[in-house]
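**Student:** Numbering (full-length UniProt numbering), first residue to last: 1 to 315.
1) Taking the straight line between their C-alpha atoms, what separation do you get for residue 284 and residue 182?
2) What does DSSP give as the partner residue(s) for residue 235 in the beta ladder?
3) So, residue 335 versus residue 115, is the Cβ gap smaller than 8 Å?
4) Span of the beta strand (DSSP E) holding residue 201?
5) Using only the alpha-carbon positions, how far apart do residue 58 and residue 192 sit?
6) Quick one: what's residue 46 bridged to in DSSP?
7) Going by C-alpha distance, which of 66, 291, 289 is nearest residue 138?
8) Hey, would you say residue 300 sits closer than 8 Å to residue 241, going by beta carbons?
9) Could you check how far apart the C-beta atoms of residue 84 and residue 19 are, in whole angstroms? I think they sit under 8 Å.
10) Are the CB atoms of residue 23 and residue 44 nearer to each other than 8 Å?
11) Cα separation between residue 156 and residue 186?
12) So, with DSSP's three-state summary, where would you put residue 113?
13) Ordered along the chain, which non-local residues of its own chain (more than five positions away) have a Cβ less than 8 Å from that of residue 311?
14) For the beta strand (DSSP E) containing residue 102, name the first residue and the last one.
15) Looking at residue 273: is its Cβ nearer than 8 Å to the Cβ of residue 313?
16) Sort 74, 53, 89 by Cα distance to residue 96 and report the nearest one.
17) Roughly how many whole angstroms lie between the Cα atoms of residue 151 and residue 297?
18) On the three-state DSSP scale, how would you describe residue 13?
19) Following the continuous alpha helix (DSSP H) through residue 66, name the residue where it begins and the one where it ends.
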């Protein structure tokens, strides 16, 4: 449970009083969440979720609330935000934004079955079909996963650490980014970008909700597909090897719900490398420039090359 800011019962009563959701009765802990503060609340009208954003701008949160309203209106399983009495989905408390969300019934699955994995892949594909070319005035306020952002964040990390090794690692990232082939015509839309099963609720063996759109952003649609491949086909128990048989199962299940375009198949290799380079940014201090986790993964993919990688997945 992510509780970075502790709220008193009095504070929670005050926050709930800004909504037409009944009288505050109490709070309860929530499983999942690692960055923002999430608190379950009970009122005379039912259960709800208070999400207090520790490190997001109002505009970034509005991207999330607008997206969830859009998805909910198309029967996608996700929580709806509630408007406060001022007609806004986002409130401010102690200079930070917060939202009260619908409480979604269901349970988290720590060891999903093959069938449950397939159902998640289906929901990922459905999300992409709904958000392809989705546009919102607040998307520029998210970290949209592209080459420019990766380069910017890697440079900032190098400057923050301020060592020779850090700047050499930044040069390595720059070189790998230059090698990517990502045509402007590659389909784009909103990716969730965090399909850990702690963000998925099941009820009666069906997905009742996809939670935590905190990392959702406008990027290449196959970025999420890479995340699924990474979770279930990358062999962490071996020396940096992708299990192509498992990866093919993920790809073909996804393809059955949202058929991939030819260019997406051709450039899945490049988006995979981009996702690894973002991981390098998140863990920039891990290892040194001569040997670190993300470099070994990139070396594995470079050793295959784009054509061999695509052939192993799609032929």
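Even for Gly, the Cβ is constructed at its ideal location relative to N, Cα and C.
**Tutor:** Taking the structure as given:
1) For the purposes of this step, residue 284 is taken as the residue at position 284 of the chain shown. For the purposes of this step, residue 182 is taken as the residue at position 182 of the chain shown. Taking the straight line joining both Cα atoms gives about 24 Å.
2) Counting from 1 along the chain shown, the entry for residue 235 is found at position 235. Beta-bridge pairing links residue 235 to 241.
3) Only positions 1 to 315 of the chain appear in the structure, and residue 335 is not among them; the question remains open.
4) Residue 201 sits at position 201 when you count from the first residue of the chain shown. Taken as a continuous stretch (DSSP letters only), the beta strand (DSSP E) holding residue 201 covers 200-203.
5) The residue given as residue 58 occupies position 58 in the chain shown. The residue given as residue 192 occupies position 192 in the chain shown. Residue 58 and residue 192 have their C-alpha atoms roughly 19 Å apart.
6) One-based indexing of the chain shown puts residue 46 at position 46. Looking at the DSSP assignment, residue 46 forms a beta bridge with 43.
7) Taking the chain shown and counting its residues from 1, one reaches residue 138 at position 138. Out of 66, 291, 289, 66 has the C-alpha closest to the C-alpha of residue 138.
8) For the purposes of this step, residue 300 is taken as residue 300 along the chain shown, with counting starting at 1. For the purposes of this step, residue 241 is taken as residue 241 along the chain shown, with counting starting at 1. The answer is yes: Cβ separation under 8 Å.
9) In the chain shown, counting from the first residue as 1, residue 84 sits at position 84. In the chain shown, counting from the first residue as 1, residue 19 sits at position 19. So it is a contact: roughly 5 Å between Cβ atoms.
10) On the chain shown, residue 23 is found 23 positions in, with the first residue counted as 1. On the chain shown, residue 44 is found 44 positions in, with the first residue counted as 1. Between residue 23 and residue 44, the gap from beta carbon to beta carbon is short of 8 Å.
11) As a first step, residue 156 is located in the chain shown; it is residue number 156 there, counting from the start. As a first step, residue 186 is located in the chain shown; it is residue number 186 there, counting from the start. Going from the Cα of residue 156 to the Cα of residue 186 covers about 27 Å.
12) Numbered from 1 along the chain shown, position 113 holds the residue referred to as residue 113. Coil, per DSSP.
13) Counted from its first residue, the chain shown places residue 311 at position 311. Excluding positions up to five away in sequence, the list is empty.
14) The sequence position of residue 102 within the chain shown is 102, counting from 1. Taken as a continuous stretch (DSSP letters only), the beta strand (DSSP E) holding residue 102 covers 96-102.
15) Walking along the chain shown from the start, residue 273 turns up at place 273. Walking along the chain shown from the start, residue 313 turns up at place 313. Not closer than 8 Å, so no.
16) Counted from its first residue, the chain shown places residue 96 at position 96. Out of 74, 53, 89, 53 has the C-alpha closest to the C-alpha of residue 96.
17) Taking the first residue of the chain shown as position 1, residue 151 is located at position 151. Taking the first residue of the chain shown as position 1, residue 297 is located at position 297. Roughly 18 Å between the two C-alpha positions.
18) Within the chain shown, numbered from 1, the residue matching residue 13 stands at position 13. Residue 13 falls in the helix class under three-state DSSP.
19) Here residue 66 refers to the residue found at position 66 when the chain shown is read from its first residue. Per DSSP, residue 66 belongs to the alpha helix (DSSP H) from 58-72.
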